[in-house]
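Participant: Sequential numbering of the sequence shown, starting at 258, is according to this note's numbering. Questions regarding the structure given below will be posed in turn.
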Amino acid sequence: MLLALATAAPALATDIIGARAAGAMTEVVEDPVHVVFLVTGGDKKRVARALHLARHLQRPGESPISFHLVSDEAWSGVESWSTPHLLSSMPAAALALHANFSKITHGPGSIYMWKPLLPWLLPTAITRAIVLDADLVLTRSVHELWAQFDAFSTEAAVGLAREQAPSYEKLGPEAAVNGGVQLLHLERMRSADGVYQRELRRCATGACGDIGYLGDQTLYALMKERTPLLFHTLPCGWNRQLSVHYFHHKRFKERHECRSSCGLVHGNQPAFKG
């Protein structure tokens with residue numbers, strides 16, 4: 258299989274969720290919260306924004322968060338607050354997939370296409386991760402967002418909130434998703450004979466059509482239309498999108514209605530990104 262890579266790599270740690278025998282006692286080992294930021298293009302301001310968001314997420318009295326910075330070049334000082342991961346260290350098969358996706362994207366789309374390939378960059382000991390854009394503000398604890406993994410079905414590998422703008426009307430409201438907040442069940446995504454890899458390889462051939470400038474978000478929408486069980490729908494409160502780009506659309510109010518408690522605000526329009 259093209260991406261049967263993680264199974265051949267040596268395990269970096271034992272199971273993160275499990276139990277350790279300590280005499281007659283058993284200690285439950287919790288899976289730590291892993292948060293990933295993607296920064297490319299050599300922009301120091303983007304690294305600074307990632308650090309700012311990391312500080313915003315870590316709250317006094319809460320369990321520590323493991324931060325990861327995925328980038329196309331090494332940054333000095335990053336090790337003090339996150340674990341760095343260079344895109345160039347991805348396995349050759351994953352790099353080849355990205356090269357194929359770059360042919361069917363344009364603008365920043367190819368940059369975003371690194372996110373669906375993160376299962377083969379992050380260590381196999383990391384079984385789950387949250388991937389966040391930098392234009393976010395959380396009003397509740399990131400640990401509450403992490404708890405959404407417990408709501409995944411046994412088939413789900415990716416957790417995304419619905420796209421609140423009518424960007425994917427042709428696919429229908431259930432397929433439309435927003436990529437600013439992603440819960441990735443890396444272990445399931447790595448399964449060589451799993452649905453995720455099958456659909457990823459299929460779309461990389463161009464079978465899903467042009468992916469365009471929104472990259473992974475469009476890819477996930479196309480995959481969800483075909484294989485909805487692969488996705489968990491996050492409550493809208495975990496990705497409240499501020500963009501008013503479609504303000505005059507007849508369904509703008511309907512699509513932006515959200516009855517769940519707001520946990521995360523997403524400034525997904527340039528006017529709101531400050």
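Glycine included, C-beta positions come from ideal geometry on N, C-alpha and C. These numbers come from a predicted model, not from an experiment.
From A432 to G472, what does the alpha carbon distance come to, in whole angstroms?
Facilitator: So the alpha carbons of these two residues sit roughly 15 Å apart.
Participant: I'd like to know if D450 contacts chain D, where contact means its C-beta is closer than 7 Å to some C-beta of that chain.
Facilitator: Any reference to chain D falls outside this structure, which holds one protein chain only.
Participant: By Cβ distance, which residues of its chain are closer than 6 Å to F409, with the 5 residues on each side in sequence left out?
Facilitator: H489
Participant: Judging by CA-CA distance, which residue of A331, W338, E330, V290 is the nearest neighbour of A307?
Facilitator: W338
Participant: Tell me I322's beta-bridge partners as DSSP assigns them.
Facilitator: V290
Participant: Can you look up N357 in the DSSP assignment and give me helix, strand or coil?
Facilitator: Reduced to three states, the DSSP call for N357 is helix.
Participant: Is it right to say R385 is buried, meaning 16 or more other beta carbons lie within 10 angstroms of its own, or is it exposed?
Facilitator: buried
Participant: So what does F488 bridge to, in DSSP terms?
Facilitator: Answer is V415, bridged to F488.
Participant: Go ahead and pull the three-state DSSP assignment for R516.
Facilitator: coil
Participant: Should the stretch 378-394 be regarded as contacting the stretch 354-362, the criterion being three or more beta carbon pairs within less than 8 Å?
Facilitator: no
Participant: My understanding is that L295 touches W371, with C-beta atoms under 8 Å, so please give their C-beta distance in whole angstroms.
Facilitator: 6 Å
Participant: Would you say I387 and V292 are within 7 Å of each other, going by their C-beta atoms?
Facilitator: yes
Participant: To the nearest angstrom, how far is it from the Cα of G318 to the Cα of F324?
Facilitator: So the two alpha carbons sit approximately 17 Å from each other.
Participant: Let me check understanding here. Comparing Cα to Cα, which of G416, M480, I322, L344 lies closest to F406?
Facilitator: The residue with the shortest Cα to Cα distance from F406 is G416.
Participant: Shortest alpha-carbon distance to V438 belongs to which of G334, R483, A353, C493?
Facilitator: Considering only alpha carbons, the answer is C493.
Participant: Quick one: what does DSSP say Q454 is sitting in, helix, strand or coil?
Facilitator: helix
Participant: At the level of alpha carbons, what is the spacing between H442 and G436?
Facilitator: 15 Å
Participant: Can the beta-carbon of G299 be found closer than 7 Å to that of E330?
Facilitator: yes
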